[in-house]
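Worksheet for the structure shown next.
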Amino acid sequence: MPRLFKISIPSEADVRVYVTNDRSEADLIVYETTDQWAATESPIWYYTDVLGRAERTVYFTDARWQADLIISMTDVQGEAGWIDKTKEDML
Numbered sequence: 004m005p006r007l008f009k010i011s012i013p014s015e016a017d018v019r020v021y022v023t024n025d026r027s028e029a030d031l032i033v034y035e036t037t038d039q040w041a042a043t044e045s046p047i048w049y050y051t052d053v054l055g056r057a058e059r060t061v062y063f064t065d066a067r068w069q070a071d072l073i074i075s076m077t078d079v080q081g082e083a084g085w086i087d088k089t090k091e092d093m094l
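Taking our numbering, the leading residue of the sequence shown gets 4, the next gets one more, and so forth.
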């Protein structure tokens with residue numbers, strides 16, 4: 004978890020996401036993986052090409068004010084985690 008499907012229509016997404024480079028603005032630090040079995044926790048994201056296999060659909064927005072969740076990316080799996088734990092139920 005989570006296995007995510009990127010969707011192109013904001014109103015059909017479970018979660019609208021904005022990516023920031025400033026970690027102090029982020030609700031969540033995300034580590035992306037290409038191994039679906041490695042996505043065992045909500046901060047570790049795997050993207051599937053099959054909608055039926057996804058646990059959530061996400062839409063990546065260019066506007067921070069449109070986002071439900073603000074994330075920052077990391078290349079180090081151990082750095083991934085929630086900053087704002089009140090939003091954990093979104094995933």
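Note that CB positions come from ideal geometry on N, CA and C, so glycine has one too.
Predicted model, so just to flag it, every value in this text is computed and none were measured.
> On the three-state DSSP scale, how would you describe L54?
Replying inline: When secondary structure is reduced to three states using DSSP, L54 falls in the helix class.
Next on the checklist: Going by DSSP in three states, T3 sits in which element: helix, strand or coil?
Outcome noted: Residue 3 is absent from the model: the chain starts at 4 and stops at 94.
For this session: Mind checking who E35 pairs with in its DSSP beta bridge?
Result: W48
Could you give the residue range of the beta strand (DSSP E) that holds R6? 6-9
Assuming A42 and R19 are in contact, meaning their beta carbons sit under 8 Å apart, how far apart are those beta carbons, in whole angstroms?
Wrong, their Cβ atoms sit about 20 Å apart, outside the cutoff.
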